[in-house]
Amino acid sequence: MDKKISALLAHDCQMVLTADALAMEARAAGADLGLDDVVESGRYRDLIEMGVRNYCAETGAARGLQAAERFRYQKLGMLDTVLGLSTIQPDFS
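Those letters in the sequence shown? Residues 352 to 444, by our numbering.
What follows is the structure, given as structure tokens:
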């Protein structure tokens, strides 16, 4: 878990955007969580770490594990959606 978090935090500009998106969502919901201050002061690393640990713990608990990752499969493009096709198939089952 520590390695995963360190790797994520190495992508500094992406993590700043993630923390900023959380702050904007809180503002839109009318929740004063102090996230704007966290982003502006550059202290978002603790926020990201807490979020990742909580998310992975919740995912793991559903499987009886201390922590786990959840993966999603996402198709590229809108071809299948627009035309109702199945041109792109996963290489796993």
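Glycine is no exception: its CB is placed at the ideal position from the N, C-alpha and C atoms.
For clarity, every value in this text was computed on a predicted model and none was experimentally measured.
Query raised in the report: Per the contact definition of three or more C-beta pairs closer than 8 Å, is the region 419-436 in contact with the region 377-391?
Result: no
Query raised in the report: Mind pulling the beta strand (DSSP E) runs of 3 or more residues that sit fully within the region 411-439?
Result: none
Query - Contact between the region 393-407 and the region 369-383 (3+ Cβ pairs under 8 Å) - result: Contact between the region 393-407 and the region 369-383 is present, because at least three Cβ pairs lie under 8 Å.
Query raised in the report: Is it the case that the Cβ atoms of residue 403 and residue 434 are separated by a distance below 8 Å?
Result: Numbered from 1 along the sequence shown, position 52 holds the residue referred to as residue 403. Numbered from 1 along the sequence shown, position 83 holds the residue referred to as residue 434. Result no, Cβ atoms of residue 403 and residue 434 do not sit closer than 8 Å.
Query raised in the report: Using the beta-carbon count (16 or more within 10 Å), is residue 364 buried or exposed?
Result: As a first step, residue 364 is located in the sequence shown; it is residue number 13 there, counting from the start. Label assigned to residue 364: exposed.
Query raised in the report: Of the residues 367, 383, 437, which one's Cα is nearest the Cα of residue 391?
Result: Here residue 391 refers to the residue found at position 40 of the sequence shown. Answer by Cα proximity: 367.
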